[in-house]
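A.B. asks: Submitted below is the structure of interest, expressed as C-alpha cells.
Numbering (this note's numbering), first residue to last: 210 to 468.
Laid out in C-alpha cells, this is it:
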C-alpha cells in the first residue's frame, strides 16, 4: 500500500484527430488473402483529447453530487458525459419526449459528440451507450416505461447577411475570407458562442454578439446592414432557440464596400 506504480510502456490514442470521416481509412497494414481494398463505411468515433483541468474541476463536484443516482436534471447531463468521452455536449430536457412534445415523466437527452465536422452527429451506437449507462442509474419507473430518450441535435442554420468596409481596399478579399471564417467558427456547435465553449441546445443568438465577432476581425474598418435570417426570414436582434434545437452556421453572404 502506498507504493509508487511505474509503467514501463504507455499506449495512447490519437485523441480527437483520430475521429476520421467515412471512406478515409483505406490502408491495409498486413496483406489478407482475397482482400483487395478496405474502407470505413461510417465515420470513426470515440477519440477525445485529454480532459482539461477546467473540465475536471467542474465535473468533480457534479459527480459527488449525484453519487451514481440520476435524480436532478443536471445529473442526467453529467452522466451522459461520464458514459463516454466522445460526448462533448449534453442537454437534458425534462417532461419532453423525442418529438418535442410535452410528456410528464419523460426525460430527453440531446448529445453532441466531439468532432471537427460543421454539424457533429452522434452515432446510434453512442446514443445507445449513453442511454444504457443512464438507465442503470435512473428511477426504475422511467426505465421500465422507456421514458428516457437520447437523441441527436436538431440543428437550426442561422444565415447572416452583412456589408463589410475594409480598411485597405487592396486587402478586401483576404478580409472577406477572415470574416467568413470567424462567423463559421462563432456558430460552430462545439467551438462557437461568445465564450468559445460551444452552443448549448436552446441557447439564443444575439445580433450584438455577431457584430462583435465581425468588428474584431483584422482589416475590418466597420460593418453595416447586418442581418440574421432563419429560412430566409429576417429576425430581430435576438433569435429565440427552442430547448431541443442547436444553432449552426447557415449561409453567410458578405458584401464588400470599398472606399
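By construction, the Cβ of each residue, glycine as well, lies at the ideal position given by its N, Cα and C atoms.
Quantities reported herein were computed from a predicted structural model and do not represent experimental measurements.
Have a look at 231, 391, 461 and flag the residue whose alpha-carbon is nearest the alpha-carbon of residue 332.
C.D. replies: Counting from 1 along the chain shown, the entry for residue 332 is found at position 123. Comparing Cα-Cα distances from residue 332 to each of 231, 391, 461, the minimum goes to 231.
A.B. asks: Excluding the 5 residues flanking residue 469 on each side, which residues of the same chain have their C-beta closer than 7 Å to its C-beta?
C.D. replies: The shown model of the chain, from 210 to 468, leaves out residue 469, and the question about it has no answer.
A.B. asks: Between residue 297 and residue 358, which are expected to be in contact by the criterion C-beta below 8 Å, what is the C-beta distance as a whole number of angstroms?
C.D. replies: Reading the chain shown from its first residue, position 88 is the one you call residue 297. Reading the chain shown from its first residue, position 149 is the one you call residue 358. Not really, about 19 Å apart at Cβ, beyond 8 Å.
A.B. asks: Leaving out five residues before and five after residue 380 in sequence, what residues of the same chain have Cβ atoms less than 8 Å from its Cβ?
C.D. replies: By one-based count along the chain shown, residue 380 stands at place 171. Closer than 8 Å at Cβ, skipping near neighbours: 428.
A.B. asks: Can you pull the DSSP bridge partners for residue 436?
C.D. replies: Along the chain shown, read from residue 1 onward, the residue named residue 436 stands at position 227. In the DSSP output, where bridge partners are listed per residue, residue 436 has 370.
A.B. asks: Spatial neighbours of residue 329 within its chain, please: CB distance less than 7 Å, with the 5 preceding and 5 following residues excluded, ordered by chain position.
C.D. replies: Counted from its first residue, the chain shown places residue 329 at position 120. The answer, listed in chain order, is 321, 322, 398, 399.
A.B. asks: In whole angstroms, what is the alpha-carbon distance linking residue 451 and residue 325?
C.D. replies: Taking the first residue of the chain shown as position 1, residue 451 is located at position 242. Taking the first residue of the chain shown as position 1, residue 325 is located at position 116. Answer to the nearest angstrom: the Cα atoms are 24 Å apart.
A.B. asks: Please name the residue or residues paired with residue 375 in a DSSP beta bridge.
C.D. replies: Taking the chain shown and counting its residues from 1, one reaches residue 375 at position 166. Partner(s): 429.
A.B. asks: Does the beta-carbon of residue 304 have 16 or more other beta-carbons within 10 angstroms, so that it is buried, or is it exposed?
C.D. replies: Position 95 of the chain shown, counted from the start, is the residue given in the question as residue 304. Residue 304 should be labelled exposed.
A.B. asks: In chain order, what residues of the same chain have a beta carbon less than 6 Å from the beta carbon of residue 431, not counting five sequence neighbours either side?
C.D. replies: The residue given as residue 431 occupies position 222 in the chain shown. Closer than 6 Å at Cβ, skipping near neighbours: 374.
A.B. asks: List in chain order: all unbroken beta strand (DSSP E) runs of 3+ residues lying wholly within the segment 294 to 321.
C.D. replies: For the segment 294 to 321, whole beta strand (DSSP E) runs of length 3 or above, ordered along the chain, are 296 to 305.
A.B. asks: Just to confirm, is the Cβ distance from residue 443 to residue 420 under 7 Å?
C.D. replies: As a working mapping, residue 443 is identified with position 234 in the chain shown. As a working mapping, residue 420 is identified with position 211 in the chain shown. No, these two residues do not count as a Cβ contact at 7 Å.
A.B. asks: At the level of alpha carbons, what is the spacing between residue 349 and residue 288?
C.D. replies: The residue given as residue 349 occupies position 140 in the chain shown. The residue given as residue 288 occupies position 79 in the chain shown. About 16 Å.
A.B. asks: Check for me: the alpha helix (DSSP H) holding residue 344 runs from which residue to which?
C.D. replies: If you number the chain shown from 1, residue 344 lands on position 135. Looking at the DSSP string, the run of the alpha helix (DSSP H) that includes residue 344 is 333 to 344.
A.B. asks: Pick from 311, 235, 239: whose alpha carbon is nearest that of residue 252?
C.D. replies: Position 43 of the chain shown, counting from 1, holds the residue named residue 252. Minimum Cα distance to residue 252 is reached at 235.
A.B. asks: Could you tell me the distance, in whole angstroms, from the CA atom of residue 465 to the CA atom of residue 439?
C.D. replies: The residue labelled residue 465 in the question sits at position 256 within the chain shown. The residue labelled residue 439 in the question sits at position 230 within the chain shown. Approximately 22 Å, taken between the alpha carbons.
A.B. asks: With distances taken Cα to Cα, identify the nearest neighbour of residue 337 among 365, 311, 295.
C.D. replies: Here residue 337 corresponds to residue number 128 of the chain shown, with the count starting at 1. When only C-alpha atoms are compared, the closest one is 295.
A.B. asks: So the beta strand (DSSP E) residue 358 belongs to, where does it begin and stop?
C.D. replies: Here residue 358 is taken as the residue at index 149 of the chain shown, counted from 1. First-last of the beta strand (DSSP E) with residue 358: 357 to 360.
A.B. asks: Please list, in chain order, all residues of the same chain as residue 366 whose beta carbon is under 6 Å from its beta carbon, the five residues on each side excluded.
C.D. replies: For the purposes of this step, residue 366 is identified with residue 157 of the chain shown, where counting begins at 1. Correct list, in chain order: 457, 459.
A.B. asks: Rounded C-beta distance between residue 388 and residue 463? I'm assuming under 8 Å.
C.D. replies: To locate residue 388, count along the chain shown from 1; it is residue 179. To locate residue 463, count along the chain shown from 1; it is residue 254. Indeed, because the Cβ distance is near 6 Å, the residues count as touching under 8 Å.
A.B. asks: Flag this pair as yes or no: are the beta carbons of residue 356 and residue 314 separated by less than 7 Å?
C.D. replies: Here residue 356 refers to the residue found at position 147 when the chain shown is read from its first residue. Here residue 314 refers to the residue found at position 105 when the chain shown is read from its first residue. Yes, Cβ-Cβ distance for residue 356 and residue 314 is below 7 Å.
A.B. asks: Please report the distance separating the alpha-carbon of residue 378 from that of residue 341.
C.D. replies: For this step, residue 378 is matched to residue 169 along the chain shown. For this step, residue 341 is matched to residue 132 along the chain shown. Answer to the nearest angstrom: the Cα atoms are 57 Å apart.
A.B. asks: Please state if the CB of residue 455 and the CB of residue 410 are separated by a distance shorter than 7 Å.
C.D. replies: Locating residue 410 in the chain shown gives position 201, counting from the first residue. Locating residue 455 in the chain shown gives position 246, counting from the first residue. It is a contact, given that the beta carbons lie within the stated cut-off.
A.B. asks: Shortest alpha-carbon distance to residue 299 belongs to which of 282, 447, 423?
C.D. replies: Translated into the one-based positions of the chain shown, residue 299 becomes position 90. For residue 299, the nearest C-alpha among the options comes from 282.
A.B. asks: Pick helix, strand or coil for residue 447, following the three-state DSSP scheme.
C.D. replies: Counting from one through the chain shown, the residue named residue 447 turns up at place 238. Strand at residue 447.
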